[in-house]
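Participant: Numbering (the working numbering), first residue to last: 725 to 978. The structure follows.
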């Protein structure tokens, strides 16, 4: 019980700081407390460090200035409960599995966060500093910010994001560096492929631009342009973290 209480206090403190920094909205802060408590209560400071190796850089990257030509965003920079859960639920479940079933699930925990980090680093760096993106499937040029697009800068950032989490997990003896790194990159690859195929893409007539949400950042309702209507970015993130966890778990050292 003491570790659960400590985990709650730690997670609440981090969530409060993130809320005040406008990285999380109120619902996102509540979800972050739940995810953080589960992780700290099961994997202790090592698990918390891996969580922070994803969350701190990701929060910093999302606050970098956008290109002047970048269209109005789909949402503000504050993460909601759905977004926090999409990136952290699989990792939290793996942390619980490590405590209740087998320590091997710690590799899945780290792999899930490596995938989330890889995707976030790749997206934020690619959109801001990458050149013209190409489709991960056809390699034809597509609009900047469109799901399924990749750039050289974004690809390098994807690998770096996975390596940061892998190095943290390895240094704290939670999982092997290689399995977590490979899992992270694999998860980001799944994210890009799903983004290019199944993820819904919508059109804002008011801003004359493509977006990912039913209501655009300008406030206007959008129409489905391609993809599956219910496969939104959060669903793709869940699939990516699940893939990262599965690959890291499969490649873990015996």
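The beta-carbon is built from N, C-alpha and C at its ideal position, and this holds for glycine as well.
Tell me, please, whether the region 802-811 touches the region 935-947 by the rule of three or more beta-carbon pairs shorter than 8 Å.
Facilitator: At 8 Å Cβ cutoff, the stretches do not touch.
Participant: Under 8 Å between the Cβ atoms of residue 757 and residue 736?
Facilitator: The answer is yes: Cβ separation under 8 Å.
Participant: Assuming residue 967 contacts residue 914 under a Cβ cut-off of 8 Å, what Cβ separation, rounded to an integer in Å, is found between them?
Facilitator: At roughly 4 Å, the Cβ-Cβ gap stays under 8 Å, so residue 967 and residue 914 are in contact.
Participant: Considering only residues of the region 731-807, which uninterrupted alpha helix (DSSP H) runs meet the minimum length of 4 residues and lie entirely inside it, listed in chain order?
Facilitator: Qualifying alpha helix (DSSP H) stretches, in chain order: 750-786.
Participant: For residue 923, count neighbouring Cβ atoms within 10 angstroms of its own Cβ and tell me buried if that reaches 16, exposed if not.
Facilitator: Answer is buried; the Cβ neighbour count reaches 16.
Participant: Of all the options 908, 801, 738, which has the alpha carbon lying nearest to the alpha carbon of residue 755?
Facilitator: Selected option, being the one with the closest Cα: 738.
Participant: Between 926, 961, 962, 958, which lies nearest to residue 946 when the distance is taken from Cα to Cα?
Facilitator: Taking only the C-alpha atoms, the option nearest residue 946 is 926.
Participant: My parser needs the alpha helix (DSSP H) runs of 4 or more residues fully inside the region 849-913; what are they?
Facilitator: You should have 876-895.
Participant: Suppose you measure from the CA of residue 908 to the CA of residue 831; what does that come to, to the nearest Å?
Facilitator: Approximately 11 Å, taken between the alpha carbons.
Participant: Mind checking which residues open and close the alpha helix (DSSP H) that includes residue 944?
Facilitator: From DSSP, residue 944 is part of no alpha helix (DSSP H); its letter is neither H nor E.
Participant: Cα-Cα, which of 747, 837, 759, 775 is closest to residue 784?
Facilitator: Looking at the Cα atoms, 747 is the closest of the given residues.
Participant: Should residue 817 be labelled buried (16 or more other beta-carbon atoms within 10 Å of its own) or exposed?
Facilitator: Counting Cβ neighbours within 10 Å, residue 817 comes out buried, since at least 16 surround it.
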